[in-house]
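In the UniProt record's numbering, the protein residues as written are 1 to 518. Beta carbons: idealized from backbone N, C-alpha and C, even for Gly. Structure first, commentary second.
Set out below in structure tokens:
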């Protein structure tokens, strides 16, 4: 019986022509190549392997990957640990409003007109819409027709619909001098130049100050008036800050600095706008480094949240003291002086906080327009910082050279940045995903630490290369490859032949005949 099976297998192999082997290997190479292309595209887009993700998400639970035999105490502690890590991940991946965000009509839209590309993603604009609803609306808006219109306007996705709604609110004669938010929307989205935007913001400022004084007198009369006063405060602060930014963009930097200082004194508790970062950039433009150091002394505190602006500005001031005379050859011979060591440590601190910035400052990566929201320690924050501060680094002689010579040394201090940090918490693992949502598709997102290629991409690449080579050899040497294929299959089925002979010798002949019939 065994000989019969082997003879049938031999007859089947003899009937296979070389064309069959060419078609088999060619088809295998094509399929593995398509899988490789899809895996590579998915990895470039989402930063993970599709096959690995499906295996972990769907196949592991089916194969019993979840261990249910652990004690209740350990499972509860594990769940608590997962909850803590989840809360930490959420806090790490918090998206912040970009304090130096550009004007949509006068800057972002002009970029779109010239290049045909959209600099803002839907996710970024949706976050801005949520911010506007939080800052510029309150529960009592339905009592005033103009505010009710604007409440709907901030929820509109279509920019033209928002602009139309703002004009509709201003067309109500009795509310023309009472609706500051309509002027804000037109200044942000309809004005095509900074001069036009500034003019609209000045009109909004008169209205905003009047509304603020009126609501300030009534804020203690109930929760409704308190919410209205909070909204009017947000509107006034936003207008003054944007007016200061208009002055900065139009070259009136000293005026902008004065407006920002007055705003920070008048509303010291509204730190959510991060006005000190606008102030730092303006002071650097004036090269007023003593005042920059004074601002850093107040905000570069261990109890306050850090940012790329804080860390890299501190590094720039330390580098400024030694960069003009710094030479890597001389430093390697005599060692670093105390001032040079302080500058290098400040650079290492800044690079640990955001490792994406140096490549933009050293112009190793191309810049794009910064998004309206940033993720701290992410690529989006690096773009926003470099877009406005690159000129300040270039102005300090030797600063970029010092950065170029020392920034990569940071990574030797933190070889496992996702597990343990040096001066800050471990680098968050969620930055790549959030940055891909914030930054446009045409930008190549900077990833840290650099990810290794997943196993399945390497596997499919090897499989595709191997089957392609087999297809080529089979096409060139069909007879020889046919002999090799038959020898391989015969060797493959040799253990089966041995097992069947052993089973036949052990079992009674009657039982063996019954099994073979089955």
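Check residue 322 in the structure and name its three-state DSSP category. Looking at residue 322 - three-state DSSP - the assignment turns out to be coil, as it is neither helix nor strand.
For residue 443, which three-state DSSP category applies? In the three-state reduction of the DSSP assignment, residue 443 falls in the coil class, being assigned neither a helical nor a strand state.
Which of the three DSSP states, helix, strand or coil, is assigned to residue 422? Here residue 422 sits in coil by DSSP.
Under 8 Å between C-beta atoms, does residue 196 make it to chain D? Looking at the structure shown, chain D is missing, and only one protein chain is on hand.
Would you identify the three-state DSSP class for residue 154, choosing helix, strand or coil? If DSSP states are grouped into helix, strand and coil, residue 154 belongs with coil.
Report buried or exposed for residue 299, applying the criterion of at least 16 other Cβ atoms within 10 angstroms of its Cβ. Buried.
With respect to the beta strand (DSSP E) encompassing residue 97, which residues constitute its N-terminal and C-terminal limits? Counting along the chain, the beta strand (DSSP E) containing residue 97 begins and ends at 95 to 97.
For the beta strand (DSSP E) holding residue 373, just list the boundary residues, first then last. Segment 373 to 375, the beta strand (DSSP E) holding residue 373.
Looking only at its chain, what residues have a beta carbon closer than 6 Å to the beta carbon of residue 101, apart from the 5 residues adjacent to it on each side? Result list for residue 101: 372, in chain order.
Determine, using beta-carbon pairs with one atom in the segment 207 to 217 and one in the segment 177 to 184, whether at least three such pairs fall under 8 Å. Judged by pairs of C-beta atoms under 8 Å, the segment 207 to 217 touches the segment 177 to 184, as three or more such pairs exist.
Alpha carbon to alpha carbon, how far is residue 19 from residue 480? Taking the Cα positions, residue 19 is about 13 Å away from residue 480.
Which listed residue (344, 112, 131, 303) has its alpha carbon closest to that of residue 95: When only C-alpha atoms are compared, the closest one is 131.
Whole-angstrom C-beta distance between residue 352 and residue 310, which should lie under 8 Å: Not quite, the Cβ-Cβ distance comes to about 13 Å (not below 8 Å), so this is no contact.
Using a 10 Å radius around the Cβ and a threshold of 16 neighbouring Cβ atoms, would you call residue 150 buried or exposed? Around the CB of residue 150, 16 or more other CB atoms lie within 10 Å, so the residue is classed as buried.
Between residue 282 and residue 248, how many whole angstroms is the CB-CB distance? I'm expecting something under 8 Å. Contact annotation, residue 282 with residue 248: C-beta distance approximately 5 Å; criterion of less than 8 Å satisfied.
Any idea if residue 308 is buried or exposed, counting beta-carbon neighbours within 10 angstroms, 16 or more meaning buried? Residue 308 counts as buried, since no fewer than 16 other beta carbons sit within 10 angstroms of its beta carbon.
Output the distance between the C-alpha atoms of residue 259 and residue 444, rounded to the nearest integer angstrom. So the alpha carbons of these two residues sit roughly 37 Å apart.
If we count the other Cβ atoms within 10 Å of its Cβ and call it buried at 16 or more, is residue 86 buried or exposed? Legend: pLDDT at residue 86 = 39, less than 50; position of this residue unreliable, value from coordinates given subsequently. Under this definition residue 86 is an exposed residue.
Skipping 5 residues on each side, what residues in its chain have a beta carbon closer than 7 Å to that of residue 386? Around residue 386, the same chain offers 357, 360, 361, 367 as residues with beta carbons nearer than 7 Å, after the five sequence neighbours per side are excluded.
Endpoints, the alpha helix (DSSP H) within which residue 387 is located: Residues 379 to 395.
Secondary structure of residue 310, DSSP reduced to three states: Helix at residue 310.
Looking at the unbroken alpha helix (DSSP H) that takes in residue 246, where does it start and where does it end? Per DSSP, the continuous alpha helix (DSSP H) segment holding residue 246 begins and ends at 223 to 249.
In the structure shown, what three-state DSSP assignment does residue 117 receive? Note: residue 117 maps to coil in three-state DSSP.
Which word fits residue 430, buried or exposed, when buried means at least 16 other C-beta atoms lie within 10 angstroms of its C-beta? The residue is exposed, with fewer than 16 neighbouring Cβ atoms inside 10 Å.
Beta-carbon within less than 7 Å of residue 118's beta-carbon, same chain only, minus the 5 sequence neighbours each way: which residues are those? For residue 118, where only same-chain residues beyond five positions count, the Cβ hits under 7 Å are 112, 440.
How close, in whole Å, do the beta carbons of residue 382 and residue 327 come, if the pair is a contact with beta carbons under 8 Å? Contact flag wrong, Cβ pair sits at about 28 Å.
According to the neighbour-count rule (16 or more other Cβ atoms, all chains shown, within 10 Å of its Cβ), is residue 394 buried or exposed? It is exposed - the Cβ of residue 394 has fewer than 16 other Cβ atoms within 10 Å.
Residue burial classification, residue 32 (beta-carbon count within 10 angstroms, cutoff 16): Burial is judged here by how many other beta carbons sit within 10 angstroms of a residue's own beta carbon; residue 32 has at least 16 and is buried.
Between 467, 290, 241, which lies nearest to residue 273 when the distance is taken from Cα to Cα? Ranking the options by Cα distance to residue 273, first place goes to 241.
Relative to the alpha-carbon of residue 129, which residue among 154, 462, 145, 369 has its alpha-carbon at the smallest distance? Looking at the Cα atoms, 154 is the closest of the given residues.
How many Å lie between residue 152 and residue 229 at the Cα? Using only the alpha carbons, I get a separation of about 20 Å.
DSSP three-state assignment for residue 288, whether helix, strand or coil: In this structure, residue 288 counts as coil in the three-state DSSP scheme.
Within the same chain, show all residues whose beta-carbon is closer than 7 Å to that of residue 76, passing over the 5 residues directly before and after it, in chain order. Legend: pLDDT at residue 76 = 42, less than 50; position of this residue unreliable, value from coordinates given subsequently. Closer than 7 Å at the Cβ level, and outside the excluded window around residue 76, lies no residue.
Can you give me the C-alpha to C-alpha distance between residue 321 and residue 207, rounded to a whole angstrom? Using only the alpha carbons, I get a separation of about 47 Å.
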